[in-house]
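Chemist: Sharing a structure, written as structure tokens. Questions coming.
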Amino acid sequence: MAIDRAQVRHVARLSRLALSPEEEERFAAQLGHVLEYIERLKAIDVSGVEPLSFAGEASSPMREDLSRPCLPREKVLAQAPEQDGQAFLVPRIIE
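Be aware that the sequence shown starts at 239, since it is given in the working numbering, and climbs by one per residue.
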């Protein structure tokens with residue numbers, strides 16, 4: 239299934255993401271490949287396979303908790319529809 243730049247632009251706008259034309263083109267190609275792969279998976283006959291609740295061992299391996307670099311606050315807040323320079327502003331939903 240082909241995804242065009244207009245569809246990527248629409249989803250990006252709904253997600254409040256600012257994408258460059260190059261990013262739109264790259265994401266359109268990547269999403270197209272993902273959807274093609276999903277179509278291939280849908281074509282597989284799994285009628286004789288019993289459903290699983292999970293595919294592997296049900297364990298949560300522990301890993302060392304490490305601090306990693308993250309995006310600069312200014313770059314993240316620049317994507318917000320409303321912000322105060324420090325945090326996102328959202329409508330109050332609990333009285």
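Glycine included, every Cβ here is placed at the ideal spot set by N, Cα and C.
Taking the alpha carbon of glutamine 317 as the point to measure from, which residue in Gly294, Arg254, Pro310 has its own alpha carbon closest?
Modeler: Of the candidates Gly294, Arg254, Pro310, the one whose C-alpha sits nearest the C-alpha of glutamine 317 is Arg254.
Chemist: Please go through the same chain and pick out, in chain order, the residues whose beta-carbon is closer than 7 Å to the beta-carbon of isoleucine 276, but skip the five residues on each side of it.
Modeler: For isoleucine 276, where only same-chain residues beyond five positions count, there are no Cβ hits under 7 Å.
Chemist: What do you get for phenylalanine 265, buried or exposed, if any count of 16 or more other CB atoms within 10 angstroms of its CB means buried?
Modeler: With 16 or more other Cβ atoms within 10 Å, it is buried.
Chemist: Tell whether a beta-carbon distance below 7 Å holds between methionine 239 and leucine 273.
Modeler: Yes, the Cβ-Cβ distance between methionine 239 and leucine 273 is below 7 Å.
Chemist: By the DSSP assignment, the alpha helix (DSSP H) with isoleucine 276 in it spans what residues?
Modeler: Isoleucine 276 -> alpha helix (DSSP H) spans 259-280.
Chemist: Pull up the CB-CB distance for arginine 243 and glutamate 263, whole angstroms please, since I reckon it's below 8 Å.
Modeler: Arginine 243 to glutamate 263, Cβ: 6 Å. Contact.
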